[in-house]
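Novice:
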Amino acid sequence: MTDQPLSAQSEPQSVTPSRLRRALDSDLYYAFKRSPVAMVSAAVALLLILSAVFAPLIATTNPFDPTSLNLMNGFTPPMAQNAFTGETFLMGTDDQGRDVFSTILYGMRISLFVGFAAVLFAVVLGIFLGLLAGYFGGWIDSFIMRTADVQLTFPSILVAMLIFGIAKGITPIEHRDQMAIWVLILAIGLSDWVQFARVVRGATLVEKNKDYVSAARLIGRRPSAIMVRHILPNILSPVLVIATISLALAIIAEATLSFLGVGAPPTQPSLGTLIRIGQGYLFSGEWWILFFPACTLLALALSVNMLGDWLRDVLNPRLK
Amino acid sequence: MLPFILKRVFQSFLVLVVTGAIAFSMFTFVGDPIDNMLGQERTMEDVERLRTQLGLDRPVPVQYFKFLNEAVRGNFGVSYRQGREVSEIIMERAPATLELAALSAIFAVVMGIALGVFTAIRRDGFAANFIMSASLIGVSLPTFLIGILLIYLFSVELGWLPSFGRGEVTKIGGWTTGFLTESGLKALILPAITLGLYQMTLIMRLVRSEMLEVLRQDYIRFARARGLSNRVINYRHALKNTMVPVITVIGLQLGAIIAFAIITETVFQWPGLGLLFINAIQFVDIPVMAAYLMMISVMFVVINLLVDILYAFIDPRLRVSAK
Amino acid sequence: MTEPVLSIRNLTVEIPTRHGLFKPVQNVSYDIHPGEIRGVVGESGAGKSMTGNAVIGLLDDPARIASGEIWLKGRRIDNLGAEEKRAIRGREIGMIFQDPLTSLNPLFTIGEQLVETIQLHLKVSAAEAKERALALLDRVSIPDPKTRFDQYPHQFSGGMRQRVVIALALCSEPSVIVADEPTTALDVSIQAQVLDLIKELASETQVGVILVTHDMGVIADTTEQVTVMYSGEVVESGPTDKVLSAPEHEYTKSLISAVPRPQVKLHRFPQVSYGGRETTFKIEDLARNWHKPEPSKSGKLVEVKGITKKFLEKSAILPSQRTYFTAVDDVSFDIKDGEVFGLVGESGSGKSTVARMIGTLLPVDGGQIHFDGDDVTEMSKVEMANYRKQIQMIFQDPFSSLNPRMKVESIVAEPLMHHKILPPDQISGRVHELLDRVGLTRAAAAKYPHEFSGGQRQRISIARALATQPRFLICDEPTSALDVSIQAQILNILKDLQEHLGLTMLFISHDLPVVRQMCDRVGVMKQGQLIEVQDTETLFANPEQDYTAQLLDLMPRLAQLSS
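Here the protein sequences come in this chain order: G, Z and L.
With the first letter of the first sequence counted as 1, position 275 gets the number 275 in my numbering; the numbers rise by one all the way through.
Going from the second sequence to my numbering is simple: count from 1 and add 1000.
Going from the third sequence to my numbering is simple: count from 1 and add 2000.
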C-alpha cells in the first residue's frame, strides 16, 4: 500500500485535547460513571493487574529464589508466629516455607501473562481469518468456517489439553518445564480463536454490504486497505466485549489446566498450580494454602467478567 | 429438510475423518512410547521386543491402514502405561462418566432453561437481578474450585456425602451402575452438581439474552397490539422462538459436559473416562488419548446430529423447503 | 356529524434523556369518526407514530404520557391500568405496522395466529374461530384461504403478509385501527391495492382509521381528514381536499410545494423554506475551477450492450443442479454526453444491479459496458484506475454510505489520496473547498458522520463524489431515504451539477414524479428486462408498454394540488 494513512496526515495538532474531551464526553464514559459495578470491578481488576506487574517490589520474598526459603517456616498459619523461626506471614506459608502472599503475586503474573498472551493470539488470528472469510466469501470462507465448525465441536478445554498433550510428546523431556508456559499460551489461544473469527466474519458480512465499502471499492481501493481501514474499525466493539470475557475464560482455563497438572510446572507456579498444591492440605487443616490463591483467582476472574458483562450491555452488540 | 440433514451427516463424517487423522498423527509422530514405558534402565533387546510387539517397526502407511482398520472395530491397541487393551479399559470406565454426564445434563438443561426464562421475564425484579449476579460468580468460579468447595462443605465439615469415588455399584451385564444403591446415588450428587453448574449458568444466560432479544422483535410488539396476554406472549410466542437458537448451543454444551467431566472426575477421583484421559496426557499414553478422542468425537457428532434434526422440526423455515 | 369514536385531547408525550426532558409529542388533539380515515402526515421525527403508540398504550419505556386525555367511545383510556389497556388492544383498537415481514411470528402458521387472536377476543369454539379466520382471509382477498390457513409467514409475499396483518387487526371488529406507515415497505402497485383494501374496510365496517404516513400522495388518495404535524405539534388539521388545495400554515404550504409534480416539468424543485433549514449551494464557484470534460468520441459516453447478471439461488455441489436467478437480462441502452438517463422500476426489477455493474461493484456475467468507447469489462489495471477516476456514485442510504469511524475530512479526501490527484499538502484545502461548495461549513471536516442529518450526509457524499472531478455520476435512489423537503434540496444540487458542470448522470429511482423532474430520457425495467426507453416527456404522455402505463396510473395524483 503506497497510500499514507489518511488521518495521521490530515489531523490538526489540536486534536489531542479534543480527543480526550471527546472520550470523557462519550456515552461509554457516561455509562461507566453511572455504574458502580463497572467502577468497582475496574478498580479491582486494575489493582490486581498492577500488583502482579510490580510483584518484585511488593512481595516480601522471592519464592523462586531457593536461598530465601527456610523449610523451618513451613505451614505457618496466617498472621501467626512460626514456632521455630519466630517469623510471621500475612497469609501464612506453604509446605516448603514459601510466603503465600508472595507466591500469589508471582503466580498471578504467570496467570495474567498466559491469559493476556493467549487472548491476544486468539484475537489476532480470529480477526485475520474472520475478515478473510467474511470479505472474500467463497471457498476461503467455506474452508475457514468448516475448520472452525470442526473445532467448535470440541470444547476448548479439551482442545487445549490435546494440544498440550501433543506438545508435551514432541518436546524433549529436559525442555518441558521451560516450554510449558508457551505451550499453554498456544493451547489456550488456539482453542479460542473460533469465536473471534465467527463474530468478525458475521460483522464483516454486514459491513461489507454497506455503501461506504462500495464507495471505497468504487474508488478502487484494494481489499486489504478496505478490510483494515474501513471494515476493521467498525467491528471492534463486539471484539472488545468478547476479548474481555475471553480474558476471564483464559485465566480460568489456565488455572484449570495447571490444577490438573497439565499446565504451569511447580517450578513456575501459577494460581492454578498453587491451588493444586493447596488442595492436598485443605483437609488436614492448612486451609490458607488453598484459600488465598483461590480467592485471588475468583477476584480476578469475577472482576474481568463483570467488566465484560457491563461492556456487553453498554455496547449492546448482538452477541450470543 | 432431507438435503439439510444429509448435509449435516456429511459434515459429521468430515469431523470424524479429521479427528481420525489427528488421532493417527498422534500415534505416529508424537513422543516415543518406549521412553515412557521403560524407565532409564533398559536394554536394546527390551526396546526392540517392545517395538515389534506394538507394531512400531512397520512403515507409516501400513501403520495408518492398520490403525483405521482397527479403529473402526473399536480396537485401539494396548495402553502404553497399563499394558491392557484400550477398548477394554474404556468399556470399563465409560458407564461411570456417562451416568455422571447424563445426570448433570438433565440438571443443567432443566434448571438453565427455567432460570433463563424467569430472569428474562422478570427482568427488573429483585430475584432475577440476584440470580444474574450470582450467575456471574458461577461463570467466574472454575469448576475445580466449585468441586473443592462442595467437598469441603458437605464431606469434610458436614460429613453428609462422600468426597470421592462412585460408592457401591451394581453390575448389569457389561454395565456398572451407581443408580441402584444408596451409596452410589449419594456419591453422584456432588460430582453431578459440580459438573452441571457451569453449563447451567451458561444455558441460563443464553436463554435469557435470546429471550430478551425475541421480546424486542416486531412480531412480539404486534402480538401485544393484538391484545394477547403476557402469559401467552411469553410462554407461547417468545419461548418457542427463543428455543430455536438455544437448542444448537445446548447441543454443544451437552458435548462439553463429557469433556468437562475430566475436571470433575479429577477432583472427585471419579473412576471414569476423564480421569483416564488426564492420566494418559500426563504419561503421554497415546493409544488411550487417541481412543478417547475418537470416542468422544463420535459422541459429539451424534449429539449434534440429533440436535440438528430437532432444530429442523421446530423451525418451519427449514422444514418446508424454500419456495 | 356523528360522535367521534376516538378523541385525542392535548396529548403530550415525554421521554427523559441524559440531556433533559424531550417531548416528541406536544399538545396534540384530533378526532376520528366511524368509517373515517384520518391521515397524520409529517416528516420523520414529527411525533406522528409516537401519537399512535400512545393511543394503543404501547409507548416504549421510558416514554410516557405527560398530560392530555384519550377518549374511546366516551370512555377515558389514557389513564387505565396495564391489564385494562391490554383488554382494549386488539379488541377495540387494532394496529397495523410498517413492515409486514417482521410483524408475524415466523414459527406459527397464519391460521394459528388468527385463531389465537379470535379466541382471545370473542368467546367462540375452535371450529367457529377457524370459520371466522377463513372468512377474514377471504375478506382481505387472500386467494385460497383454506390452503393458506396452514402455511407459515415465510410462504407469503410482502403484500400478502400485510393483508394477513390487516386480517389480524380486524379479528374482533375493532372500532379504530391505527395504521403506522402500512404501505411504506411495499411496492407501488401492491401499495395501491393495500390502501384500497383499507378504504373499502373503513366504509364497509365503519371502522375509524388513523393512517400515519410521510407520503403526501397516500394522504391525497386515501384520507378524508388530515392532520399535519411538525416537530411534535399539530400545525394544521382539516378535511384533506381543503388542506391540500388551500393550506393555511406556512409549513403545510412548503411541504406540499416540495412534493414533486408528476404532471409538469419544472426547472427547479420548490424547496421547503419552513424552519430555516435551507442552505446555500455555491455551484458557480465550483464551476469556475472545474475542468470541463472533453466530449466523448462518439457522443455517447456510456454504452451498455446486452449486460446480464445472474445470482446463485440454490447452491449445489454439481453445477447442473444449481439454480440461478436472472437479476438483469440482456439490458442495452446508451447515455449521451451531458444527459441524465433515468432507470425506473419496482423493487427487484434489477435497476440497482445495473448501476452496480456499471460502477464495477459487481462483475458482469454477459455483455459489455463501453465507457467513451472502451470496454469496461476488458480493461487492464491501469485503464481501470483511470476509469474509476472518471466515475462516481451516490448511494441511497446516507447512514451507511459514509464510514462512521472516519472523519468527514478523511472521507472526502480518500478519492483524492487514492488517485494521487493532488500533492498531499494541497488535499486539506481542496476538501474544505468542496465542503464549502456543497453548503457545509469548514468545521464539518473535523466531525464524524453521525453528527450530521440525513440531508447533510448526502451533501458529504456529493462532495466525495465530486472530489475527482468525474465525468459520469451514478445516482442510486439518492433521495428515497430522505424527507420530502430535504429531497428537494438534494435534487436541486444534482440538477445544478448537471447543468453547470456538464456532468453525465445515470439516475435510478422508483419515484416517477422525481424521475420526470430529473431526467432527459427514461428506461423502464421489469423483472430484469429493459422494456421501454423513451424521452421523458414522451414516456409520461404516451407510454408504449402496458406495464409503463400501469405504473404511471399508480402514481399518486395529488389532483387537488395546484402546481
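Don't be surprised by glycine CBs; every beta carbon is placed ideally from N, CA and C.
Can you confirm whether the stretch 2351 to 2369 of chain L touches the stretch 2304 to 2314 of chain L when touching is taken to mean that 3 or more C-beta pairs between the two stretches lie within less than 8 angstroms?
Specialist: Cβ pair count under 8 angstroms is three or more, so yes.
Novice: Among L:D2180, L:L2058, L:D2337, which residue has its Cα nearest to the Cα of L:M2298?
Specialist: To locate residue 2298 of chain L, count along the third sequence from 1; it is residue 298. According to the sequence provided, residue 2298 of chain L is Ser. The question's Met does not apply to it. Residue L:D2337 is the option with its Cα nearest to L:S2298.
Novice: For G:A250, collect the residues of the same chain with a Cβ closer than 6 angstroms to its Cβ; drop the 5 residues on either side in sequence, then sort them by chain order.
Specialist: What you label residue 250 of chain G is simply residue 250 of the first sequence in a count that begins at 1. Around G:A250: G115, A118, V119, I188.
Novice: Using the Cα positions of G:F336 and Z:V1307, report the straight-line distance between them to the nearest angstrom.
Specialist: The shown model of chain G, from 1 to 320, leaves out residue 336 of chain G, and the question about it has no answer.
Novice: With a Cβ-Cβ cutoff of 8 angstroms, do L:F2395 and L:D2511 count as a contact?
Specialist: In the third sequence, residue 2395 of chain L corresponds to position 395, counting from 1. In the third sequence, residue 2511 of chain L corresponds to position 511, counting from 1. No, they are not a contact pair.
Novice: With 8 angstroms set as the bound, which would you pick, yes or no: does the beta-carbon of L:S2562 sit closer than that to a beta-carbon of chain G?
Specialist: One-based indexing of the third sequence puts residue 2562 of chain L at position 562. Model confidence at L:S2562 stands at a pLDDT of 44, short of 50, so the residue's coordinates are unreliable; what they give is reported in the following sentence. No, L:S2562 does not count as interfacial toward chain G.
Novice: Are the CB atoms of L:Q2392 and L:P2470 within a distance shorter than 8 angstroms?
Specialist: Reading the third sequence from its first residue, position 470 is the one you call residue 2470 of chain L. Reading the third sequence from its first residue, position 392 is the one you call residue 2392 of chain L. Contact: yes.
Novice: Which residues in chain Z sit within 9 angstroms of L:M2050, going by Cβ to Cβ distance?
Specialist: Looking up residue 2050 of chain L in the third sequence gives position 50. Here the premise fails: no neighbours, minimum Cβ distance about 14 angstroms.
Novice: Indicate the three-state DSSP secondary structure (helix, strand or coil) for G:K210 in the structure shown.
Specialist: For the purposes of this step, residue 210 of chain G is taken as the residue at position 210 of the first sequence. Residue state, collapsed to three classes: coil.
Novice: Report the CB separation of Z:T1097 from Z:G1274 in whole angstroms; it is logged as a contact under 8 angstroms.
Specialist: Residue numbering aside, residue 1097 of chain Z sits at position 97 when the second sequence is read from its first letter. Residue numbering aside, residue 1274 of chain Z sits at position 274 when the second sequence is read from its first letter. About 6 angstroms separates the two Cβ atoms, so the contact holds.
Novice: In three-state terms, what does DSSP make of G:R198?
Specialist: On the first sequence, residue 198 of chain G is found 198 positions in, with the first residue counted as 1. Helix, per DSSP.
Novice: If you follow the beta strand (DSSP E) that L:F2333 is in, where does it begin and where does it stop?
Specialist: Looking up residue 2333 of chain L in the third sequence gives position 333. Segment 2323 to 2336, the beta strand (DSSP E) holding L:F2333.
Novice: CA-CA distance, L:E2383 and G:F128?
Specialist: One-based indexing of the third sequence puts residue 2383 of chain L at position 383. One-based indexing of the first sequence puts residue 128 of chain G at position 128. The straight-line gap from Cα to Cα measures roughly 31 angstroms.
Novice: Rounded to whole angstroms, how far is the Cβ of G:G130 from the Cβ of G:A216, which I believe are closer than 8 angstroms?
Specialist: The residue labelled residue 130 of chain G in the question sits at position 130 within the first sequence. The residue labelled residue 216 of chain G in the question sits at position 216 within the first sequence. With a Cβ gap of about 19 angstroms, G:G130 and G:A216 do not count as contacting.
Novice: Please say whether L:V2226 and L:I2219 have beta carbons closer to each other than 8 angstroms?
Specialist: Indexing the third sequence from 1 puts residue 2219 of chain L at position 219. Indexing the third sequence from 1 puts residue 2226 of chain L at position 226. The answer is yes: Cβ separation under 8 angstroms.
Novice: Identify, in the order they occur along the chain, each residue of the same chain with its Cβ nearer than 7 angstroms to the Cβ of G:I226, setting aside the five sequence neighbours on each side.
Specialist: Taking the first sequence and counting its residues from 1, the one referred to as residue 226 of chain G is at position 226. Correct list, in chain order: V213, A216, R217.
Novice: Can G:T244 and G:G308 be called in contact, C-beta distance under 8 angstroms?
Specialist: The residue labelled residue 244 of chain G in the question sits at position 244 within the first sequence. The residue labelled residue 308 of chain G in the question sits at position 308 within the first sequence. Yes, the pair counts as a contact, with Cβ atoms nearer than the cut-off.
Novice: Can you look up Z:Y1311 in the DSSP assignment and give me helix, strand or coil?
Specialist: If you number the second sequence from 1, residue 1311 of chain Z lands on position 311. Reduced to three states, the DSSP call for Z:Y1311 is helix.
Novice: On the DSSP letters alone, give me the boundaries of the beta strand (DSSP E) that G:W287 sits inside.
Specialist: Taking the first residue of the first sequence as 1, we reach residue 287 of chain G at position 287. It is not in any beta strand (DSSP E) - G:W287 carries neither H nor E in the DSSP assignment.
Novice: Excluding five sequence neighbours on each side, which residues of the same chain lie with their C-beta closer than 7 angstroms to the C-beta of Z:A1094?
Specialist: On the second sequence, position 94 is the one that residue 1094 of chain Z refers to. Cβ neighbours of Z:A1094 beyond the five flanking positions: L1273.
Novice: Could you tell me the distance, in whole angstroms, from the CA atom of Z:Q1325 to the CA atom of G:W139?
Specialist: Here chain Z comprises residues numbered 1001 to 1323, so residue 1325 of chain Z is not present and cannot be evaluated.
Novice: Can you round the beta-carbon distance between L:D2334 and L:K2300 to whole angstroms, since I take them to be within the 8 angstroms contact cut?
Specialist: On the third sequence, position 334 is the one that residue 2334 of chain L refers to. On the third sequence, position 300 is the one that residue 2300 of chain L refers to. At roughly 5 angstroms, the Cβ-Cβ gap stays under 8 angstroms, so L:D2334 and L:K2300 are in contact.
Novice: Starting from G:D149, trace the beta strand (DSSP E) both ways and give me its first and last residue.
Specialist: Numbered from its first residue, the first sequence carries residue 149 of chain G at position 149. Careful: G:D149 lies outside any beta strand (DSSP E), inside the alpha helix (DSSP H) at 138 to 153.
Novice: What's the gap between the Cα of G:P293 and the Cα of Z:I1022?
Specialist: Here residue 293 of chain G is taken as the residue at index 293 of the first sequence, counted from 1. Here residue 1022 of chain Z is taken as the residue at index 22 of the second sequence, counted from 1. When rounded, the distance between both Cα atoms is 36 angstroms.
Novice: Go to L:R2161, then tell me how far its beta strand (DSSP E) extends in each direction, as first and last residue.
Specialist: By 1-based counting over the third sequence, the position of residue 2161 of chain L is 161. L:R2161 -> not in any beta strand (DSSP E); alpha helix (DSSP H) instead, spanning 2158 to 2170.
Novice: Against Z:S1229, what residues of chain L qualify as contacts under a CB-to-CB distance less than 8 angstroms, listed in chain order?
Specialist: What you label residue 1229 of chain Z is simply residue 229 of the second sequence in a count that begins at 1. In chain order: R2086, L2120.
Novice: Ignore the nearest five residues each way along the sequence and tell me which others in L:A2046's own chain have a CB closer than 8 angstroms to its CB.
Specialist: Taking the first residue of the third sequence as 1, we reach residue 2046 of chain L at position 46. Excluding residues within five positions, the ones whose Cβ falls inside 8 angstroms are M2229, Y2230, S2231, G2232.
Novice: Could you tell me whether the Cβ of Z:L1252 comes closer than 8 angstroms to any Cβ of chain G?
Specialist: The residue given as residue 1252 of chain Z occupies position 252 in the second sequence. So yes, Z:L1252 belongs to the interface.
Novice: Answer yes or no: does any C-beta atom of chain G fall closer than 8 angstroms to that of L:F2452?
Specialist: Taking the first residue of the third sequence as position 1, residue 2452 of chain L is located at position 452. No, L:F2452 does not count as interfacial toward chain G.
Novice: Sorted by chain position, which residues of the same chain lie with C-beta nearer than 7 angstroms to Z:W1175's C-beta, five sequence neighbours on each side aside?
Specialist: By one-based count along the second sequence, residue 1175 of chain Z stands at place 175. Cβ neighbours of Z:W1175 beyond the five flanking positions: P1095.
Novice: Less than 7 angstroms between C-beta atoms, sequence neighbours within five positions excluded: which residues of the same chain meet that for G:S41?
Specialist: In the first sequence, the residue the question calls residue 41 of chain G occupies position 41. Answer for G:S41: S303, M306, L307, listed in chain order.
Novice: Within 8 angstroms of any Cβ in chain G, is that where the Cβ of L:G2359 sits?
Specialist: Mapped onto the third sequence, residue 2359 of chain L falls at position 359. Yes, its Cβ sits closer than 8 angstroms to a Cβ of chain G.
Novice: For G:T267, which residues from the same chain have a beta carbon less than 8 angstroms from its beta carbon, with the 5 sequence-adjacent residues on both sides left out?
Specialist: On the first sequence, residue 267 of chain G is found 267 positions in, with the first residue counted as 1. F64, D177, listed in sequence order.
Novice: Assess, as a yes-or-no matter, whether the stretch 2542 to 2555 of chain L is touched by the stretch 2497 to 2504 of chain L under the definition of 3 or more beta carbon pairs within less than 8 angstroms.
Specialist: Contact fails: fewer than three Cβ-Cβ distances are below 8 angstroms.
Novice: Would G:Q191 and G:A160 qualify as a contact pair, given that the criterion is a beta-carbon distance under 8 angstroms?
Specialist: Start at 1 with the first residue of the first sequence, and residue 191 of chain G comes out as number 191. Start at 1 with the first residue of the first sequence, and residue 160 of chain G comes out as number 160. Correcting the residue identity first, residue 191 of chain G is Ser in this sequence and not Gln. Their beta carbons are under 8 angstroms apart, which means G:S191 touches G:A160 by this criterion.
Novice: Pull up the distance between the alpha-carbon of L:F2341 and that of L:G2523, whole angstroms please.
Specialist: As a position in the third sequence, residue 2341 of chain L is number 341, starting the count at 1. As a position in the third sequence, residue 2523 of chain L is number 523, starting the count at 1. Between L:F2341 and L:G2523, the C-alpha separation is close to 8 angstroms.
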